[in-house]
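Asker: Each residue of the sequence shown is one higher than the last, beginning at 1 in our numbering.
Think of the CB as a built atom: it goes at the ideal place given N, C-alpha and C, for glycine as much as any other residue.
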Amino acid sequence: MYSDNDEHWSCTCRWFSVVSTRGLGKALAREFLLSGDRVVVASRSSESVRMTVTELEENLKEGMMAAGGSSKKNLVHAKVAGIACDVCEPADVQKLSNFAVNEFGSIDIWINNAGTNKGFKPLLQFTNEEIEQIVSTNLVGSILCTREAMRVMRDQPKGGHIFNMDGAGSGGSSTPLTAVYGSTKCGLRQLQASLFKESKRSKVGVHTASPGMVLTDLLLSGSTIQNKQMFNIICELPETVARTLVPRIRVVKGSGKAINYLTPPRILLALVTAWLRRGRWFDDQGRALYAAEADRIRNWAENRARFSFTDAMEMYTENTWVSVFSLSVVCAFIILSSTGSNTFPGT
1 MYSDNDEHWS CTCRWFSVVS TRGLGKALAR EFLLSGDRVV VASRSSESVR
51 MTVTELEENL KEGMMAAGGS SKKNLVHAKV AGIACDVCEP ADVQKLSNFA
101 VNEFGSIDIW INNAGTNKGF KPLLQFTNEE IEQIVSTNLV GSILCTREAM
151 RVMRDQPKGG HIFNMDGAGS GGSSTPLTAV YGSTKCGLRQ LQASLFKESK
201 RSKVGVHTAS PGMVLTDLLL SGSTIQNKQM FNIICELPET VARTLVPRIR
251 VVKGSGKAIN YLTPPRILLA LVTAWLRRGR WFDDQGRALY AAEADRIRNW
301 AENRARFSFT DAMEMYTENT WVSVFSLSVV CAFIILSSTG SNTFPGT
């Protein structure tokens, strides 16, 4: 979810996902659609909803042209719909869920990806209005939407799954210059822990998804040149993150799952290739080097089928990577031990 500037979000139905009309939300909606799902997008702005639905319908047509065989057959059932909604208003949230059920019959996945921030600055510089908007959108909106999703899903034969998005501060770490934003994300993590216990005996699964650092307006608002140099190493484009998260969200089972983009192999790859990633997204002056969204997704339906190196790495479980790391430590110890009796140059 996000809104006017940077607040929008989404729901998929067959699957029904509630996603936003911008940034990561729109990228998630596009990925769900091209996986054959039915999707609802929402935003405070009716015009934003209309434009996004039109764009996603075009993406779906392109996807059907690029697909073949069973993939094309699967896309026949995909559909996108949208509605204006202020997630801070309970009546609007109920209207959204009613719209989704009327359109698609059920809500299988509900994604709260709302997030807004008003720049990087000390708490003393935030106005009352800015604080209220951040807390209302990020925390209150997510709580209202989660409650509504649980209400609908508890009466469905197969229940459903709800995802709240992690962000900076989720784990309780400090977020200087974004104290308000960080406190809302920490609150969502507490909400997740509480709902996990509340819903243990129900058919409703509550989960978190962490996109890592994504190149969206939300992240870039107020960022410095120094920030952008770090973004070169660790940030990714919305569609790249969505391509990884959506397949895992679609097959989630049970409750209490954490689906993260920055998995151990991805973090390892980013660290190992940090030098090569200089200037990947921004130059030394902080100017953007990456293409506009419209250009990036021109052949996106075809490009998404490519199997990347990190995708291959992700096929291995986390336990496998722990074993690999442990084995590398043992090998390093053996090598150092075998050379221990030799004297090093200059000693």
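(1) Mind checking which residues open and close the alpha helix (DSSP H) that includes ASN102?
(2) If you count every other CB in all the chains shown that lies within 10 Å of the CB of ASP37, and 16 or more means buried, which is it?
(3) On the three-state DSSP scale, how would you describe GLY25?
(4) Give the straight-line distance between the Cα atoms of SER199 and GLY286, rounded to the nearest whole angstrom.
(5) Give me whichever residues DSSP pairs with PHE282 in a beta bridge.
(6) Within its chain, find whatever has a CB closer than 6 Å to the CB of MET165; leave out the 5 residues flanking it on each side and keep chain order.
(7) Leaving aside the five residues before and after GLU236 along the sequence, list all residues of the same chain whose C-beta is less than 8 Å from its C-beta, in chain order.
(8) Going along the chain, which residues of its own chain have a beta-carbon closer than 6 Å to the beta-carbon of GLY159, five neighbours each way excluded?
(9) Sort LYS72, LEU75, ALA67, GLY82 by Cα distance to GLY25 and report the nearest one.
(10) For GLY436, which beta-bridge partners are listed by DSSP?
(11) What does the alpha-carbon distance come out to for the pair SER173 and ASP155?
(12) Between the stretch 175-183 and the stretch 228-246, can you find at least three pairs of beta-carbon atoms closer than 8 Å?
(13) If you compare alpha carbons, which of PHE163, ARG30, LEU96, ILE267 is closest to LYS257?
(14) I'd like to know if the stretch 120-130 and the stretch 91-100 are in contact, where contact means that at least 3 CB-CB pairs between them fall below 8 Å.
(15) Please state the DSSP three-state secondary structure of SER210.
(16) Please determine, among LEU289, LEU271, SER221, ILE297, the residue with the shortest C-alpha to C-alpha distance to PHE120.
(17) Tell me, which residues are paired with MET260 by DSSP?
(18) In chain order, which continuous runs of the beta strand (DSSP E) of length 3 or greater are located wholly inside the stretch 171-244?
(19) By the 10 Å Cβ neighbour count, where 16 or more other Cβ atoms means buried, how is LYS79 classified, buried or exposed?
(20) Looking at the unbroken alpha helix (DSSP H) that takes in THR146, where does it start and where does it end?
Answerer: Reading from the atomic positions:
(1) Membership of ASN102 in the alpha helix (DSSP H) is indicated by the continuous run 90-104.
(2) The Cβ neighbour count for ASP37, taken over all protein chains shown within 10 Å, is at least 16; the residue is labelled buried.
(3) Taken through DSSP and simplified to helix, strand or coil, GLY25 comes out as helix.
(4) One C-alpha to the other measures close to 46 Å.
(5) Listed as beta-bridge partners of PHE282 by DSSP are ALA288.
(6) Leaving aside the five residues that flank MET165 on each side, the residues in its chain whose CB is nearer than 6 Å to its CB run, in chain order, ASN113, ALA209.
(7) Annotation for GLU236: GLY212, MET213, VAL214, LEU215, TYR261 place their beta carbon closer than 8 Å to its own, counting only its chain and skipping 5 residues before and after.
(8) Closer than 6 Å at the Cβ level, and outside the excluded window around GLY159, lie MET153, LYS203, VAL204.
(9) When each option's Cα is compared against that of GLY25, the closest is GLY82.
(10) Past the boundaries of the shown model lies residue 436; the chain is included only from 1 to 347, so the question cannot be answered.
(11) SER173 and ASP155: Cα-Cα distance of roughly 37 Å.
(12) These segments do not touch.
(13) Measuring from the Cα of LYS257, the nearest candidate turns out to be PHE163.
(14) Fewer than three beta-carbon pairs drawn from the stretch 120-130 and the stretch 91-100 are found closer than 8 Å, and the two stretches are therefore not classed as touching.
(15) The three-state reading of DSSP puts SER210 in strand, counting E and B together.
(16) For the residues LEU289, LEU271, SER221, ILE297, the minimum Cα distance to PHE120 belongs to SER221.
(17) The residue you asked about is not Met; residue 260 is Asn in the sequence shown. Bridge partners of ASN260: SER210.
(18) The qualifying runs are 204-210.
(19) Buried, by the Cβ-count rule.
(20) Looking at the DSSP string, the run of the alpha helix (DSSP H) that includes THR146 is 141-153.
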